[in-house]
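*Asks:* Going line by line, the protein sequences match chains A and B. full-length UniProt numbering puts the first residue of the first sequence at 1, with every later residue one more than the last. full-length UniProt numbering puts the first residue of the second sequence at 1, with every later residue one more than the last. Cβ coordinates follow ideal geometry from the N, Cα and C atoms, glycine included.
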Amino acid sequence: MAASGDAVLQFPSSSTELSARVQPLVIFNICDCYVRRPDQAVRVIGTLLGSILPDGTVDIRNSYAVPHNEFSDQVALDIEYHHNMLLSHQKVNPKEVIVGWYSTGFGVNVGSALIHEFYSREVINPVHLTVDTGFNNGQASIKAYVSTNLSLGDRPLAAQFQEIHLDLRMVEAERVGFDILKKQAVDKLPNDLDGMEASMQRLLSLVDTIYEYVGNVVEGRVPADNNIGRFIADSVASLPKLSSLDKLVNDSIQDHLLMLYLSSITRTQLSLAEKLNTAAQIL
Amino acid sequence: MANPAARSFLQVASAEEAAPPLRVVQIEGLAVLKIIKHCKEFSPALVTGQLLGLDVGSVLEVTNCFPFPIREEDEEIEAEGANYQLDMLRCLREVNVDNNTVGWYQSTFLGSYQTVELIETFMNYQENIRRCVCIIYDPSSSNQGVLALKALKLSDSFMDLYKNNNFTGEKLRAKNMSWVDIFEEIPIKVSNSALISAFMAELEGDSPVTQCDYDRLQLSSGPFVERNMDFLIKCMDDLFVEQQKFQYHYRNLSRQQAQQQAWLQKRRTENMARKAAGEEPLPEEDLSNPIFKPIPEPSRLESFLVTNQIANYCNQINGVSGQSFSRLYLMKALHED
Chain A
1 MAASGDAVLQ
11 FPSSSTELSA
21 RVQPLVIFNI
31 CDCYVRRPDQ
41 AVRVIGTLLG
51 SILPDGTVDI
61 RNSYAVPHNE
71 FSDQVALDIE
81 YHHNMLLSHQ
91 KVNPKEVIVG
101 WYSTGFGVNV
111 GSALIHEFYS
121 REVINPVHLT
131 VDTGFNNGQA
141 SIKAYVSTNL
151 SLGDRPLAAQ
161 FQEIHLDLRM
171 VEAERVGFDI
181 LKKQAVDKLP
191 NDLDGMEASM
201 QRLLSLVDTI
211 YEYVGNVVEG
221 RVPADNNIGR
231 FIADSVASLP
241 KLSSLDKLVN
251 DSIQDHLLML
261 YLSSITRTQL
271 SLAEKLNTAA
281 QIL
Chain B
1 MANPAARSFL
11 QVASAEEAAP
21 PLRVVQIEGL
31 AVLKIIKHCK
41 EFSPALVTGQ
51 LLGLDVGSVL
61 EVTNCFPFPI
71 REEDEEIEAE
81 GANYQLDMLR
91 CLREVNVDNN
101 TVGWYQSTFL
111 GSYQTVELIE
121 TFMNYQENIR
131 RCVCIIYDPS
141 SSNQGVLALK
151 ALKLSDSFMD
161 LYKNNNFTGE
171 KLRAKNMSWV
181 DIFEEIPIKV
191 SNSALISAFM
201 AELEGDSPVT
211 QCDYDRLQLS
221 SGPFVERNMD
231 FLIKCMDDLF
241 VEQQKFQYHY
251 RNLSRQQAQQ
261 QAWLQKRRTE
271 NMARKAAGEE
281 PLPEEDLSNP
291 IFKPIPEPSR
301 LESFLVTNQI
311 ANYCNQINGV
321 SGQSFSRLYL
331 MKALHED
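1. Just tell me which of A:Thr-266, A:Glu-80, A:Cys-31 and A:His-89 has its CA closest to the CA of A:Leu-49.
2. Since B:Ala-311 meets chain A, which of its residues come closer than 9 Å, beta carbon to beta carbon?
3. If you follow the beta strand (DSSP E) that A:Val-222 is in, where does it begin and where does it stop?
4. Assign A:Val-42 to buried or exposed, taking buried as 16 or more other Cβ atoms, counted over all protein chains shown, within 10 Å of its Cβ.
5. Pull up the CB-CB distance for A:Val-127 and A:Val-58, whole angstroms please, since I reckon it's below 8 Å.
6. Find the residues of chain A that neighbour B:Pro-69, judging by a C-beta separation of less than 8 Å, and give them in chain order.
7. Which class does B:Lys-153 belong to by DSSP, given the choice of helix, strand or coil?
8. With DSSP collapsed to three states, give me the class of A:Ser-103.
9. What is the rounded straight-line gap between the Cα of B:Asn-315 and the Cα of B:Leu-152?
10. Hey, does B:Lys-293 have any beta-carbon neighbour from chain A nearer than 8 Å?
11. For chain A, find out if any of its Cβ atoms is closer than 8 Å to the Cβ of B:Ile-58; answer yes or no.
12. Taking only runs of the alpha helix (DSSP H) that begin and end inside the region 282-336 of chain B, which ones reach a length of at least 4 residues, in chain order?
13. Assuming A:Ser-51 and A:Ile-30 make a contact with CB atoms under 8 Å, what is their CB distance in whole Å?
14. Does the pairing of the region 49-58 of chain B with the region 95-108 of chain B give three or more beta-carbon distances under 8 Å?
15. Consult DSSP for A:Asn-29 and reduce its assignment to one of helix, strand or coil.
16. Is the Cβ of B:Val-102 closer than 8 Å to any Cβ of chain A?
17. Which whole runs of the alpha helix (DSSP H) in the region 212-279 of chain B are 4 residues long or more, in chain order?
18. According to DSSP, is A:Asn-109 helix, strand or coil?
19. Contact check, A:Val-99 vs A:Thr-130 under 8 Å by CB: the rounded distance?
20. Please classify A:Tyr-119 as buried or exposed, where buried requires at least 16 neighbouring CB atoms within 10 angstroms.
21. Residues of chain C with CB under 7 Å from A:Ser-263, in chain order?
22. Considering Cα atoms alone, identify which of B:Lys-332, B:Asp-98, B:Leu-46 and B:Glu-117 is closest to A:Arg-37.
23. Residues of chain A with CB under 8 Å from B:Ser-193, in chain order?
24. What residue from B:Ile-36, B:Lys-234 and B:Arg-268 has the CA that sits closest to A:Gln-23's CA?
25. What residue range does the alpha helix (DSSP H) around A:Ala-65 cover?
26. By alpha-carbon positions, which one of A:Arg-221, A:Asn-227, A:Glu-274 and A:His-68 ends up nearest to A:Tyr-102?
27. As a quick exercise: from B:Leu-195, B:Ile-295, B:Leu-86 and B:Asn-271, pick the residue whose alpha carbon is nearest that of B:Gln-257.
28. Three or more C-beta pairs closer than 8 Å, one from the region 83-97 of chain B and one from the region 219-234 of chain B: is that the case here?
29. Kindly list the residues whose CB is nearer than 8 Å to the CB of B:Pro-281, restricted to its own chain and excluding five residues on each side of it in sequence; keep chain order.
30. Grab me the residues of A:Thr-133's own chain with a C-beta within less than 6 Å of its C-beta, minus the 5 sequence neighbours each way, in chain order.
31. What are the start and end residues of the beta strand (DSSP E) that includes B:Ile-35?
32. When the distance is taken between beta carbons, is A:Met-200 closer than 8 Å to B:Gln-323?
33. At 7 Å on the CB atoms, spell out the chain A contacts of B:Met-331, in chain order.
34. Quick one: what's B:Trp-104 bridged to in DSSP?
35. Please determine, among A:Lys-143, A:Leu-204 and A:Leu-114, the residue with the shortest C-alpha to C-alpha distance to A:Ala-158.
36. Anything in chain A within Cβ reach of residue 341 of chain B, meaning under 7 Å, just list it in chain order.
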């Protein structure tokens, strides 16, 4: 135990509010790699690609798995594979750079610290993402960490992983449709009218909920909340009060009918042209 | 004592099994998201990528995909493209991804994808892989809230015809083929592993409204429809040009026939005169005469492709109009209170 005079255990000041954003594709990729892992591996490790937004948020957009071997205290990572994949990915999208790495499994352990050190040689302040595929605690937890080095005087002691705020917004997945992505098998992709119907039903149910709520408040069953009341008043007021609305709507409907007519005529023209072209016989 | 009716193992192994027809394409959610991301990032430029998966019976499973870098028109980059493909396939093999190519995907702009290049790429792929499929994704339709993903395959009869490069009228009539028979659309099924559906279920509860709904319920469909009409009109012009070519050809043909008849008449009268004079009659055909040279019939391939495109645009317009009707009536109902 060296008595190092007046060395003080230094905690670096907490970094500014760093936060990360993850696209749903990354989660899909990680789960797929986990399902396909070789039998003797317990967890999967890979690189995260993305970019750093101007306000400091780390935007994680893509990922790929890197083969690795883990023994009790040592970790061997296939660095050449990592570089090859990085080059290939950058040929397609040069703006995606390494922003960190991920591993499946809950929590951080010794091996992770070593890997994190490797990645911090590639990029400053890498983000470490853990995706809990084992569903410990009975829920899916995806956490992001950055590490800071604790040092005693001049000697590095340990690396502390601090959790940072993670934004799991799934705008892309919403566009595709959660029903498609949630179920295990969807028999056919919904076409436009089905989707329209679903959206309108959702709108209808929303209106019903609000109606019920207002009814409840009026009859005193539920205490009135002024904020919600204001929101409702705002939304109802946002319907524009145009006197000529009927005319506008009718005009639009007529325009669309005209287009439908045009497209039917075009199709008739097509079949006619085809008959003329191929049915004509040259004597 | 081998039963003569039973075939030996070697015989069975070497016998070619007729492949069951492709009925459904099963894509994993992962591949769908990857395709969408790649096409969206580079829109409006058109991008392509490779599909990987398995061919199982009458189902073609697509389990993963990777994008191709955008290639400039340069000869030496061709080799780089091939190298990139091999590298990616090798790397993906190491993480146990199926590195079996089953086709390719490409993005399109408002559905104008039926071109000769598409057919040529199909033929190239078909030489190496028994069954391949092309997935078309339209990022501009997705702004209207529709997932515009289509799986296409060339029909077999069309492929035979294309190999012989023969698109004359009689051949087409003999096979009873019209422009609808070129491309076959295959229904798509989406599947997900259990792990990922568990994750999705956890991470996003059933929220009452999604971004998709916002997109669909938007009233303004003007720009989309305008562009569609624009392309439709251009295609009609192209179709007109093709028809002009046919008319020109027919006119030439009938003119040539009239010339042939006139020449034949002349020959016949000459022969009669010769017979009367006791000389050898001249042959009634003279192949060296340019009148008898057969005029090549213009290929109908272009007009078929253009027709396909027009049909596509019409379908899209129909779809958008249907949606707009619902939206407009909804608006009207909201205002009646």
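*Replies:* Answer, in terms of the structure:
1. A:His-89
2. Those within 9 Å of B:Ala-311 in chain A are Thr-266, Arg-267 and Leu-270.
3. Premise fails: A:Val-222 is in no beta strand (DSSP E) and is neither H nor E.
4. exposed
5. Contact holds; Cβ gap of about 5 Å.
6. Lys-91 and Val-92
7. strand
8. DSSP places A:Ser-103 in strand when its eight states are reduced to three.
9. 16 Å
10. no
11. It should be pointed out that residue 58 of chain B corresponds to Ser in this sequence rather than to Ile. Cβ-Cβ to chain A under 8 Å: no for B:Ser-58.
12. 301-335
13. The pair is not a contact, with the Cβ atoms about 19 Å apart (cut-off 8 Å).
14. These segments touch.
15. helix
16. no
17. 222-277
18. coil
19. Between A:Thr-130 and A:Val-99 the Cβ distance is about 15 Å, and since that is not below 8 Å, they are no contact.
20. Under the 10 Å beta carbon count, A:Tyr-119 is surrounded by 16 or more other beta carbons and is classified as buried.
21. Here chain C cannot be found, since the structure's protein chains are A and B.
22. B:Asp-98
23. Cys-31, Asp-32, Val-35 and Gln-184
24. Shortest Cα-Cα distance from A:Gln-23 to any of B:Ile-36, B:Lys-234 and B:Arg-268 involves B:Ile-36.
25. Careful: A:Ala-65 lies outside any alpha helix (DSSP H), inside the beta strand (DSSP E) at 58-66.
26. A:His-68
27. B:Ile-295
28. no
29. Asn-271, Arg-274 and Lys-275
30. Tyr-34 and Thr-104
31. Run containing B:Ile-35: none in the beta strand (DSSP E); it sits in the alpha helix (DSSP H), 29-42.
32. No, they are not a contact pair.
33. Val-249
34. For B:Trp-104, the beta-bridge partners assigned by DSSP are B:Gln-50 and B:Cys-134.
35. A:Leu-114
36. Residue numbering for chain B in the displayed model covers 1 to 337; residue 341 of chain B lies beyond these limits and cannot be assessed.
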